[in-house]
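K.L.:
Chains as they are written, first to last, in this note's numbering: chain A, 896 to 1394; chain B, 199 to 359. Ideal Cβ positions, reconstructed from N, Cα and C, are used throughout, including at glycine. Just so it is clear, the structure is predicted and the values come from calculations on it, not from any experiment.
See below:
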């Protein structure tokens, strides 16, 4: 049966799967209108503490809350939350609280420019963050880590103060894009419970929002001269036609806006949404969007590059490049490594797989069409690599927050209110974390192979196996690269050429 | 660095009281602004508190020399030789010396070593490097006269065998 038809049939019938919003305590809390703010405020407070410690605390990364929480706990918890539930970081995103406050006084007047309504701005920022992370050794620099957090708050507030709806989340935020792609692997999605109810709905509050003059609810801002009682989806995802978690921040505005209580947080098969083709609300057809292919490529190959930068061969490579080129500064050498890892290598590998596919399928489609179609299959493996990498740092170091917090209190107040720092606290031993890393990579590989198989079967039903083969090879190469990296001893250096 | 210094200087005791800003556009705006300024005040106090923390005592008269065997160190146990002397090169003896080794990446457990004095001002011991990469060693010497010498020593490029 055609997968699209299967998907339509599946979504048309009422969802009977497990719904988090129907649970007694969690469901009641999440359906409370201010639950998001209640989650954002603690994260905002933590962010303020991190910023303060970044600028005024010890400039030693292992003893600084900003460096520790950003590069160990935050990154680890984001991917683990996605694996366990969904896009919980965007749900509780502290960067948006200043914007919410600002929108009480300022109504953004402009629409996001049409020529920027794509993923390119976020892709550029994503690569930029990966690059400066390596170039300036952000993991070892509390002050710049604090500056990055402040910059993030400023960017989110600035963009959304000027432009309507959730322009920052949808088009700018690199963390958001990372979370959107990652959450295609999540076990939960925000989805319509019964499509039959939507068929008879005339108000479309889930996308339009609820307008009203009630001063109690007009605090959300103003739109078109009318106060907004409850926002609809600001990321342009119309629930009845929404597919999966792409571009979904789990803000639950659609849940609050739906007058029929017909939107839930339902369990689903992770990665299944990657096999769905055709138009999606707010996204059009992702298999026809090259910006999505580029985003997925940066997400997947960036995961391998980011992990590669943690091991000693990268320093041998940098020294070799320095010797060959005579360069004594890092940025052009690092730039060359990035250009190879994020552009040349993916282009060669994906173009070769596309050429093989075209030959096997005896198709006249362009290589770009084929790459766009199969790029989705890279996401599970990419997520597996991020999970293995960030999971390593988190699981081996999650308890270090205890002595660092104790030390911060002691240094700030001069009194050891939380006791003397227990520096012996670390995390799980590497011997336990290593099998977990391999497990994450293995799950990613299985997911990628499964997605590629479904794509091959629906696009080339007569030659599925022949078309499937090159993509399995691509996944195998990427998996082997990641597994090799994870088997190398970690070697974190902030120095280059003795500088 | 200049910016770091400027920010640090601002934290050293500069604080401002909340300012009330009236607004006629929104009847609740005054109240909201009051809340914001209160929050900003708390934030500033927090910053100031951090800025007013006791300065690290760092006697400038002492020289600290740290050598490793092998050099550069390799992951695993490394022999440490430490020499303490005053500005004239005269040994500073009788101190209790402790090393704390940290990687420059957050989230790694530090490594500690207590050195023993083998001759006046010369201390030896063993420090475990648990991972390859860049480390820094915090040397703390508590001297018999009650003074404390503290130094941060960079150890770049600990090799993976």
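(1) Measuring alpha carbon to alpha carbon, tell me which residue in A:1023, A:1330, A:1036, A:923 is nearest residue 964 of chain A.
(2) What did DSSP end up calling residue 1260 of chain A once you bin it into helix, strand or coil?
(3) Thinking C-alpha only, which one of A:1064, A:1274, A:1150, A:1306 is nearest residue 1104 of chain A?
(4) Can you pull the chain B residues whose beta carbon is under 9 Å from the beta carbon of residue 1091 of chain A, in chain order?
(5) Quick one: residues in its chain with C-beta nearer than 8 Å to the C-beta of residue 1294 of chain A, no 5 flanking neighbours on either side, listed in chain order?
(6) Is the stretch 1001-1016 of chain A in contact with the stretch 271-279 of chain B, if contact means three or more CB pairs nearer than 8 Å?
(7) Can you tell me whether residue 1077 of chain A is buried or exposed? The criterion is at least 16 other CB atoms within 10 Å of its CB, across all chains shown.
(8) Is there contact between the stretch 1126-1146 of chain A and the stretch 1159-1178 of chain A, where contact requires at least three CB pairs shorter than 8 Å?
(9) For the 8 Å Cβ check, are there 3 or more pairs between the stretch 1289-1309 of chain A and the stretch 994-1005 of chain A?
(10) Mapping DSSP to helix, strand and coil, what is residue 1356 of chain A?
(11) Contact criterion: CB-CB distance below 8 Å. Does residue 304 of chain B meet it with respect to chain A?
(12) Give a yes or no on whether 8 Å exceeds the smallest Cβ distance from residue 323 of chain B to chain A.
(13) Would you kindly work out how many angstroms separate the C-alpha atoms of residue 319 of chain B and residue 1041 of chain A, rounded to a whole number?
(14) Using a C-beta to C-beta distance shorter than 7 Å, which residues of chain A count as neighbours of residue 294 of chain B?
(15) Among the candidates A:1084, A:991, A:960, whose CA atom is the shortest distance from the CA of residue 915 of chain A?
(16) Let me confirm a value: residue 1386 of chain A is counted as buried when at least 16 other C-beta atoms fall within 10 Å, else exposed. Which label applies?
(17) Within 10 Å of its beta-carbon, does residue 287 of chain B have 16 or more other beta-carbons around it, so buried, or fewer, so exposed?
(18) Against chain B, with Cβ distances strictly below 8 Å, would residue 1396 of chain A count as a contact?
(19) Return the residues of the stretch 317-343 of chain B that lie within a Cβ-Cβ distance of less than 9 Å from chain A, sorted by chain order.
(20) Give, in chain order, every residue of the stretch 1269-1292 of chain A whose Cβ lies closer than 9 Å to some Cβ of chain B.
(21) So residue 1197 of chain A packs on residue 1237 of chain A, CB below 8 Å; how close in whole Å?
(22) Return the chain-ordered list of same chain residues with a C-beta closer than 7 Å to the C-beta of residue 1252 of chain A, the five sequence neighbours on each side being excluded.
(23) Provide the residue(s) that pair with residue 309 of chain B in DSSP beta bridges, ordered along the chain.
(24) Looking at the secondary structure, which residues open and close the alpha helix (DSSP H) in which residue 926 of chain A lies?
(25) Taking only three categories from DSSP, how would you classify residue 293 of chain B?
(26) Determine the closest residue to residue 295 of chain B out of B:305, B:303, B:328, B:263, with distance taken between C-alpha atoms.
(27) Using CA coordinates, which residue listed in A:1288, A:1318, A:1289, A:1292 is at the minimum distance from residue 1302 of chain A?
(28) Nearest-angstrom Cα distance between residue 1372 of chain A and residue 1358 of chain A?
(29) Measuring CB atoms only, is the stretch 980-990 of chain A touching the stretch 1051-1071 of chain A, in the sense that at least three cross pairs come out at less than 8 Å?
(30) Are the stretch 1265-1279 of chain A and the stretch 1338-1357 of chain A touching by the rule of at least three beta carbon pairs closer than 8 Å?
(31) For residue 273 of chain B, return the contacting residues in chain A, with the cut-off set at a CB-CB distance below 8 Å.
(32) For chain E, is any of its Cβ atoms less than 8 Å away from the one on residue 270 of chain B?
(33) What is the DSSP secondary structure of residue 261 of chain B, reduced to helix, strand or coil?
(34) Mind checking residue 321 of chain B: buried by the 16 CB within 10 Å criterion, or exposed?
(35) Sorted by chain position, which residues of the same chain lie with C-beta nearer than 8 Å to residue 1058 of chain A's C-beta, five sequence neighbours on each side aside?
P.N.:
The structure says:
(1) A:1036
(2) coil
(3) A:1150
(4) When 9 Å is used as the limit between beta carbons, residue 1091 of chain A is near no residue of chain B, the shortest such separation being about 42 Å.
(5) 1320, 1321, 1322
(6) These segments do not touch.
(7) buried
(8) yes
(9) no
(10) The answer is helix: DSSP assigns residue 1356 of chain A an H, G or I state.
(11) yes
(12) no
(13) 40 Å
(14) What residue 294 of chain B touches in chain A: nothing, since even the nearest Cβ is about 18 Å away.
(15) Considering only alpha carbons, the answer is A:1084.
(16) buried
(17) exposed
(18) This structure does not reach residue 1396 of chain A, given that chain A is present from 896 up to 1394, and the question cannot be answered.
(19) 329, 330, 331, 332, 334, 336
(20) 1288, 1289, 1291, 1292
(21) 6 Å
(22) Excluding sequence positions up to five before and after residue 1252 of chain A, its CB lies within less than 7 Å of the CB of 1265, 1362, 1365, all in the same chain and listed in chain order.
(23) B:299
(24) 920-926
(25) coil
(26) B:263
(27) A:1318
(28) 23 Å
(29) yes
(30) With the rule of 3 Cβ pairs closer than 8 Å, the stretch 1265-1279 of chain A counts as touching the stretch 1338-1357 of chain A.
(31) 1384
(32) Given the protein chain composition of this structure (A and B), no chain E is represented.
(33) Assignment of residue 261 of chain B by DSSP, reduced to helix, strand and coil, places it in the strand class.
(34) buried
(35) 1003, 1005, 1006, 1007
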